[in-house]
Every structure is written in C-alpha cells, then in structure tokens.
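Start counting the sequence shown at -9; every next residue gets the next number (this note's numbering).
Report on the following structure.
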Amino acid sequence: MVDKGVESGEKRAEGEAIGSEKAVSVATGKSGGESNDPGKDYEEFTLENGFRVAYQATPTKTISAKIRIHHGALNELPGQEGYLHFLEHVLGAGGTAKYTPLELKDQLGSFGFFNAHPELTKMTIPADIISGDLETYLDVMSEMLFRPSFDSAALEEERKRVLREISDHKSDPHYEDWEAFAKAFFGENSPQDYPVIGKEAVIESATVDGLKHFYGEGFSPNNMDLVLVGGLPSDTKERVQKYFDEFSRGPSRRMKLPRNPLPQSPKIIHSSAPDLINQANTLESSAELSMNIYAPTALDSDYYAFEVLAYVLGEPGLTSRLFKSLSREKGLAYGIGASYDAALSTGTLRIRGKVDSSKAEQAISAIFEEMQRLQDEEVSVSELAEAKRKVKYQAGKAEELNAWRASLISRDMDGYHNTAEILAGIEKVTAEDVQKAAQKYLPSDLAGNYALLLRDPLKDRKGQTIDEWVASYVKSVSGEPSVSEGI
C-alpha cells in the first residue's frame, strides 16, 4: 500500500514507514555511504553480490526487519506511473518459484506484522516476527524478491485492488486540497510531488511483461539492503548468506531527490470543506490549518539550532509557544503544533491545527506573531533547556523499540548523523543560534515565503477569502500589485 497519511501530496516525499517519524528524525541526520563509526552498536557486512546487511541483537523475543529496494517511483518512465505500486502488490501476492500465490500470502500473513511501501526513491518492506521465525522470514523474502512468478491470476486480482486503492485515495475529502497544497509548496512538476500511487489508465493497461521489465531494472541484490534488530541468533550473518548470497548482481538506477525549492511568495489555498461543518452548531465549526515553511536539512550547519527552534515553537506537548498562544491564551484552537522534517533532500517545518473558522485570520496572525517573536528576541534559558530535554527524550525513546532502532540504523547507513552526534550538536545550541535560525528561515509576516492551506467549512459565508486577505496585506506593505498566489 502507499503510505499516504493525511497529507497525500507531502507524505510521498520519502516518508519512512516504521515507528515515530519525529523520534527517528531527531535521532539521526552525516554525509557519506557506509558507516565507518568505530563506536556504532550494530554489525554490518556486504555480500559479494552487493547485498548490504546490518544487524543488532537486543534482549527481546521479537525481531524487526526492514528491507529497502532502491528502485523507486521516480525510476518510472512516462506511461509507467504506478508500476512500482502495482509491483509491490504483485510481489506479495503473485507467488514464487517455491511458493504458490496462496502459500506466499499465508506465509506473509503469519508474521506479526508485514507491509510494503512504494516511495519516491525506493520500496520499503518492514516486518515484525518472533525470533524463531527468522529462518522462515529470510527464506520467504529471498523468494519474493528474487524468484517472483508473476502469476497472471494474482496479477489481475491485484490490479483490481490497486484501482480500488486509488479510488479510495481520490475519494478522501482532503485529496484535492492536499494535492494543490503540495504543488504550491514544492512547485509544479516537482519530483517531491510525483504520484507514487499511480494513474488508473496505466494500472488498467499494465502487462506482466511491462512489470517484469521494470522489476528487472532495479530489483538486484546490489540495489538492496536489509536491517535486522531484535532477538537474533549468533549465526545471523551465516543465515543471511544462506538465503541471499546466490543471486547475481544486476542493474542499479538509484535516484536522489533534489533539494525542495524555496517558495518565492506566499502560496495561499483557501478551500471550502463542508465535511468539517459542525452539524450541531454551524457557526462553531473548526477549519483545518496547514502551513509549510522551507527549513534546513539534516546536513545543513544550522540544523541543530532549527531542531531546537521547532521544539520551542510547536512540538510536542503543552508548553510550546503555538499551543500556549493559540490554545490556552486566545482560545482559537484546541490543538496546534509544529513538526520538523529534516530529510536529506526536503527540509520542511509543518504547522498543523484546527482553528475557529470564524477567527481564522486571528489564528494565522497569532502564528506569525510567534514566529516574529523568535526572530526579535532570544529564547529564555528555561525554554532552551526544555527543548534540549525533549530532544534527548525522543532520541532515547527511539532506542527502546526494535522497529525504531531498525530505522535509525538504515538512516545511519544512508549517511545521517547518529544519535550521539545529534545529542552533542543539540547540546551546543545557544539562544543566539536559535534566533539566527529563526531570522534565516521563518517568514516574519504574511508577505513571506511559505505555503498555507485553510480547509474552511464556512468559506462560502465569508466576504473575503484568506488569499484575498493576504494579497491585500502584501500590497499594503510593498506598494505593488500582490504577489500572493491563491489557488
């Protein structure tokens, strides 16, 4: 299945499938390929065919596994939109040289958890198993990945399911708004907004030969990696070699996402959302507010300062500035917060919340007031200390569960900073660093560079839309025709 989350357009941009997004992102972020850190707490090796493996034993009775195939939706050519998604379904249901389609589905269903996620630059296959099932897992996965049978009956069955999934996706009342919001933030025809889920016409006409050809272009052992964390036996390396060493190297077309661009003006979307109407009291309906702001990636020098900034501004808990201002003091929202995605190619600060529809302008203004305050004055000693404590908590939490550890290891393999490096960098952040990061990245007023979506149940009752309101402000401060873009 495609991991869409709520934000269909954004979530496709390299969304990891396991555990807490925030916990994982806080505990990771370095350039390079294989980890050369002598202090790393996991074992790593690469088979002669290029299949890369990392594993870590923990005192648990289960194992979290994660396979990544670095052949993503961006490898699709025109007319192949959705091939990776379709292939994900067929591999898990189409049988192998050893297992019939039914036997394969039964084997996968016997695991504690199993799923697969087509993404922009890769396919991720997470699983949780009991320790005693490691041998079965390795056998089944090697069969599924390297000896698929592409059973024609199973393919037709999965074709219907994929088409149904696309229909479900497009039937979501958020769909059109989130698609427009992603385009507003990333830009038209951006690779970050590529339709991983696919196009109906392509899925309807896809053939076995077409899927086999796409599979053959990237499903090679030298284009994959495996991470195992949990109650592992002492001969884990030998067991992996037993099932994955025999396959030959093949093509590899790894894609790297470009940096998301900085919006050059406010991009405003004010849409009607009748699904949000409070049926008991229409005038008390809440609107969904979303704002995206360009931010540093994990490799940028001001990443650590911005991580602290994000905690002070909006995440997580009851003491963030956004929550105190909009929820506690002004009563404009029940819940409001921010999250920071520092992926290597997509640095984004996301502000999300439901606000009083009749006071949406006040809520938006309050958000900008808090961002302006971060630019005008240094954070307090207590705020700085609390933000650092929260980072330490998230990093520690990420170490406690096998699935989260697996994600940490895979990110370390990708060249992110490890947990120790992150904590050391965060500890050095000063109040002045936070203020400089705010001045560099945060918009100070409505005329700044950001994308805003307001899904408003009462839009049709209002005399002025949010994009008109922003445009009027921009014009007043610039003395020129508005550059605000309403969509």
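Cβ atoms here follow ideal geometry from the backbone N, Cα and C, with glycine treated the same way.
The structure displayed is predicted, hence computed values, not measured ones.
Under the rule that 16 or more other beta-carbon atoms within 10 Å means buried, what is Glu367, buried or exposed? Exposed, because fewer than 16 other Cβ atoms sit within 10 Å of the Cβ of Glu367.
Could you tell me which of Glu305, Glu194, Glu278, Ile193 sits nearest to Leu339, measuring between CA atoms? Among Glu305, Glu194, Glu278, Ile193, the Cα nearest to that of Leu339 belongs to Glu305.
Given Lys232 as reference, the closest of Ala388, Leu124, Gln365, Val381 once Cα atoms are compared: Of Ala388, Leu124, Gln365, Val381, the residue nearest in Cα terms is Leu124.
Can you tell me whether Glu133 is buried or exposed? The criterion is at least 16 other CB atoms within 10 Å of its CB, across all chains shown. Buried is the call here.
Taking the alpha-carbon positions, what's the Asp67 to Glu360 distance? Correcting the residue identity first, residue 67 is Leu in this sequence and not Asp. Whole-angstrom Cα-Cα distance: 44 Å.
Same chain, Cβ closer than 6 Å to Gly188, neighbours up to 5 away in sequence not counted: Around Gly188: Glu71, Gly72, His75.
Please report the distance separating the alpha-carbon of His159 from that of Pro91. Spanning the two alpha carbons is a distance of roughly 26 Å.
Beta-ladder partner(s) of Met214, from DSSP: BP columns for Met214 point to Ile59.
Does the Cβ-Cβ distance between Leu436 and Phe358 come in under 8 Å? In this structure, Leu436 places its C-beta atom within 8 Å of the C-beta atom of Phe358.
Would you call Phe171 buried or exposed, if buried means 16 or more other Cβ atoms sit within 10 Å of its Cβ? Phe171 is buried by the Cβ-count criterion.
How is the beta strand (DSSP E) around Asp162 delimited, first residue to last? From DSSP, Asp162 is part of no beta strand (DSSP E); its letter is neither H nor E.
In terms of DSSP beta bridges, what is His260 paired with? According to DSSP, His260 bridges with Leu444.
Can you give, in chain order, each stretch of the beta strand (DSSP E) that sits fully within the stretch 246 to 304 and has at least 3 residues? Note on the stretch 246 to 304: whole beta strand (DSSP E) runs with a minimum of 3 residues are 257 to 262, 276 to 284, in chain order.
Give a yes or no on whether 8 Å exceeds the smallest Cβ distance from Ser210 to chain B. Among the chains in the structure shown there is no chain B, since it carries only a single protein chain.
Any chance the stretch 115 to 131 sits against the stretch 45 to 61, with 3 or more Cβ pairs inside 8 Å? Segment contact: the stretch 115 to 131 against the stretch 45 to 61, three or more CB-CB distances shorter than 8 Å; contact assigned.
If you follow the beta strand (DSSP E) that Gly343 is part of, which residue opens it and which one closes it? Segment 337 to 346, the beta strand (DSSP E) holding Gly343.
In whole angstroms, what separates the C-alpha of Glu236 from that of Ser139? One C-alpha to the other measures close to 18 Å.
Take the Cβ of Asp331 as the centre, count every other Cβ of all protein chains shown within 10 Å, and call the residue buried at 16 or more, exposed below. So Asp331 ends up on the buried side.
For a quick check, are the C-beta atoms of Thr111 and Met245 less than 8 Å apart? The Cβ atoms of Thr111 and Met245 lie closer than 8 Å to each other.
Please state whether DSSP places Tyr32 in a helix, a strand or coil. Coil at Tyr32, not helix or strand.
Rounded C-alpha distance that separates Ser157 from His107: When rounded, the distance between both Cα atoms is 18 Å.
May I ask you to list the residues that DSSP assigns as paired with Val43? DSSP output for Val43 lists Phe35, Leu216 as bridge partner(s).
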